[in-house]
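J.:
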């Protein structure tokens, strides 16, 4: 490990794998180290009851075409599939009697309704449309329509998505339409989301249209036709597997069970050398498995270039000691990490063959009868899963954990969590699901993720970009900087890898924004 390699990538999530491939394709020697035993990060899969299923990300946004192009380059284009267009539902507290959305009996506390289609992050383009009134009632719809009559006072300067929605359209639109979508997509309240990150172009469209609903309609009309997301046959875990196969072709070394502890730089700007101290678990090294040694050992990798592709908190710890340009990064207003628990259930439930709640349900934080924040009816959303499962067998996935609050599953055993998930699935889907219908259950924990979309994100990203630009031989990439989803992560990682390979080959390029 004392002989310098060309590029050391810290982190084997999709960002690290993509950046590594970009470097290896031009002949650079590349090693990837990963703290866990698996690659791909949150793009992962598992097998339940004989079905290959996603245990993390289940789709990718098609915007920009970058992911589709990358998938084509990997030879996976024939595996790309589109989801069912039926769309999702909302699970909300019932409105007071007299509104279009009310419970069927005095005992009911919640109601499920289809999510209106002509919107952006739940913001309606037509506040008086029938599907919108079904959710927010006439009172909420009339208040939302006032947006069309109000002047735009802070043109192009809005930051908080939630504050903008409340100011322009009222509390009901925020609580019953926008918050469930924001929490389901970003695990964060709409009040804490940066508009320019989660809805690029909305501020500009607001300026042009003169109203929020008009801005939403303009963005919708300008969007390309077809589904906004795609998936892969066999699950999204096919993507990191295909990247690893490409890396093996280029003789890239992947070392798992190895955690980077410190990062130090020596040499010159033209010939930098990096020393990365790591802790390797004894069982991660075959030579140590039968030896009477400590549970872990310390090693050092040396490299000409380093790409940090870990989660945000670890990345900030690694670069904190590199110089004054990094000193202040840890003091910025970073959001607290959010812990998310995903539960997957395979059910014998013929009553679900009719897909009673479309492709899934987004849950209001105020819904009194459900703990989950969202449910995906996997066999309703993806035809390939339904075909593999067969009639009467269904897959549902529920997620738990919202930003700024303890995860409600933390103290639950697997049996307790299974019972909770089954209860929530029954309430959300409107179908009785007895314990005996469960064929398989899995629990997946995703921890310590920093949201890339909270207020102040553009400024934080700018500060990181400036610090990296002042440190030759270093790049940082990952969802915490790039943004949520593969459509943000993959182009960001491609750019990071491209800058490293140009530097290694002695070429000069202009670094685009991270």
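Numbering (our numbering), first residue to last: 157 to 670.
Glycine included, C-beta positions come from ideal geometry on N, C-alpha and C.
Looking at C-alpha atoms only, which residue of 340, 406, 469, 403 is the closest neighbour of residue 559?
T.: Ranking the options by Cα distance to residue 559, first place goes to 340.
J.: Leaving out five residues on either side along the sequence, give the residues of the same chain with a beta carbon under 6 Å from the beta carbon of residue 495.
T.: So the list reads 557, 563, 603, once near-sequence residues are dropped.
J.: Determine, using beta carbons only, whether residue 644 and residue 491 come nearer to each other than 9 Å.
T.: Not closer than 9 Å, so no.
J.: Could you tell me whether the region 517-526 touches the region 586-598, where touching means 3 or more Cβ pairs closer than 8 Å?
T.: With a cut-off of 8 Å, the region 586-598 and the region 517-526 do not count as touching, because too few Cβ pairs lie within range.
J.: Please state the DSSP three-state secondary structure of residue 160.
T.: In this structure, residue 160 counts as coil in the three-state DSSP scheme.
J.: Using a Cβ-Cβ cutoff of less than 8 Å, which residues in the same chain neighbour residue 612 once the five nearest sequence positions on both sides are dropped?
T.: Excluding positions up to five away in sequence, the list reads 350, 488, 489.
J.: What is the residue span of the alpha helix (DSSP H) that residue 292 lies within?
T.: Counting along the chain, the alpha helix (DSSP H) containing residue 292 begins and ends at 286-301.
J.: Suppose only complete runs of 4+ residues qualify. What are the alpha helix (DSSP H) ranges in the region 503-581, listed by chain order?
T.: Segments of the alpha helix (DSSP H) lying fully in the region 503-581: 534-537, 539-545.
J.: Please check the pair residue 186 and residue 538, which I expect to be a contact at CB under 8 Å, by giving their CB distance rounded to whole angstroms.
T.: About 34 Å separates the two Cβ atoms, so there is no contact after all.
J.: Could you give the distance in angstroms between the alpha-carbon of residue 323 and the alpha-carbon of residue 308?
T.: Computed Cα separation, rounded: 11 Å.
J.: Using 10 angstroms around the beta-carbon of residue 399, count the other beta-carbons present and answer buried if the total reaches 16, otherwise exposed.
T.: Buried, since its Cβ has 16 or more Cβ neighbours within 10 Å.
J.: Could you check what DSSP says for residue 601 in three-state terms: helix, strand or coil?
T.: Residue 601 falls in the strand class under three-state DSSP.
J.: Go through its chain and collect everything with a Cβ distance to residue 638's Cβ below 6 Å, but skip five positions before and after it.
T.: So the qualifying residues of the chain are 644, 645, 648.
J.: Does the beta-carbon of residue 616 have 16 or more other beta-carbons within 10 angstroms, so that it is buried, or is it exposed?
T.: Result: buried.
J.: How far does the alpha helix (DSSP H) with residue 370 in it extend, from its first residue to its last?
T.: Segment 368-378, the alpha helix (DSSP H) holding residue 370.
J.: What's the gap between the Cα of residue 463 and the Cα of residue 414?
T.: Their Cα atoms are separated by approximately 15 Å.
J.: How many angstroms separate the CA atom of residue 200 from the CA atom of residue 396?
T.: If you take the alpha carbons of residue 200 and residue 396, they lie about 8 Å apart.
J.: Excluding the five sequence neighbours on either side, which residues of its own chain have a C-beta within less than 6 Å of the C-beta of residue 161, listed in chain order?
T.: Within the same chain, residue 161 has close Cβ partners 185, 187, 459.
J.: Below 8 Å on the Cβ atoms is my guess for residue 465 versus residue 169; work out the distance and round it to an integer in Å.
T.: Confirmed, about 6 Å.
J.: What three-state label does DSSP hand residue 317 in the structure shown?
T.: Note: residue 317 maps to helix in three-state DSSP.
J.: In whole angstroms, give me the CA-to-CA distance for residue 544 and residue 536.
T.: Cα to Cα, residue 544 sits roughly 12 Å from residue 536.
J.: Among residues of its own chain, excluding the 5 on either side of residue 317, which ones have a beta-carbon nearer than 8 Å to its beta-carbon?
T.: For residue 317, where only same-chain residues beyond five positions count, the Cβ hits under 8 Å are 277, 334, 338, 346, 347, 349, 350, 351, 354, 355.
J.: Does the beta-carbon distance from residue 429 to residue 418 come in below 9 Å?
T.: No, they are not a contact pair.
J.: Please work out which residues of its chain come closer than 6 Å, Cβ to Cβ, to residue 583, disregarding the five sequence neighbours upstream and downstream, and give them in chain order.
T.: Result list for residue 583: 525, 526, in chain order.
J.: Is the region 492-511 in contact with the region 200-215, if contact means three or more CB pairs nearer than 8 Å?
T.: Yes: at least three Cβ pairs fall under 8 Å.
J.: Under 7 Å Cβ to Cβ from residue 376, same chain only, skipping five residues before and after it: list those, please.
T.: Result list for residue 376: 274, 276, 281, in chain order.
J.: Below 8 Å on the Cβ atoms is my contact criterion, and I expect residue 672 with residue 461 to pass it. Report the Cβ-Cβ distance as a whole number of Å.
T.: Absent from the structure is residue 672, since the part of the chain shown begins at 157 and ends at 670.
J.: Relative to the C-alpha of residue 220, which candidate in 577, 454, 386 has its C-alpha closest?
T.: Closest option to residue 220, Cα to Cα, is 386.
J.: The beta strand (DSSP E) that contains residue 182, what's its start and end?
T.: Per DSSP, residue 182 belongs to no beta strand (DSSP E) and is neither H nor E.
J.: Which residue spans inside the region 402-435 form an unbroken alpha helix (DSSP H) run of at least 4?
T.: Segments of the alpha helix (DSSP H) lying fully in the region 402-435: there are none.
J.: Taking the beta carbon of residue 215 as the centre, do at least 16 other beta carbons fall within 10 Å, making it buried, or is it exposed?
T.: It counts as buried.
J.: So the alpha helix (DSSP H) residue 477 belongs to, where does it begin and stop?
T.: Looking at the DSSP string, residue 477 is not in any alpha helix (DSSP H), and its letter there is neither H nor E.
J.: What is the rounded straight-line gap between the Cα of residue 448 and the Cα of residue 457?
T.: Confidence at residue 448 is low in this model, with a pLDDT of 41, below 50, so its placement is unreliable and no value can be given for it.
J.: For the region 237-252 against the region 564-571, are there 3 or more C-beta pairs whose distance is under 8 Å?
T.: No: fewer than three Cβ pairs fall under 8 Å.
J.: In angstroms with no decimal places, state the Cα-to-Cα distance between residue 624 and residue 175.
T.: Using only the alpha carbons, I get a separation of about 16 Å.
J.: Could you check what DSSP says for residue 654 in three-state terms: helix, strand or coil?
T.: Residue 654 falls in the helix class under three-state DSSP.
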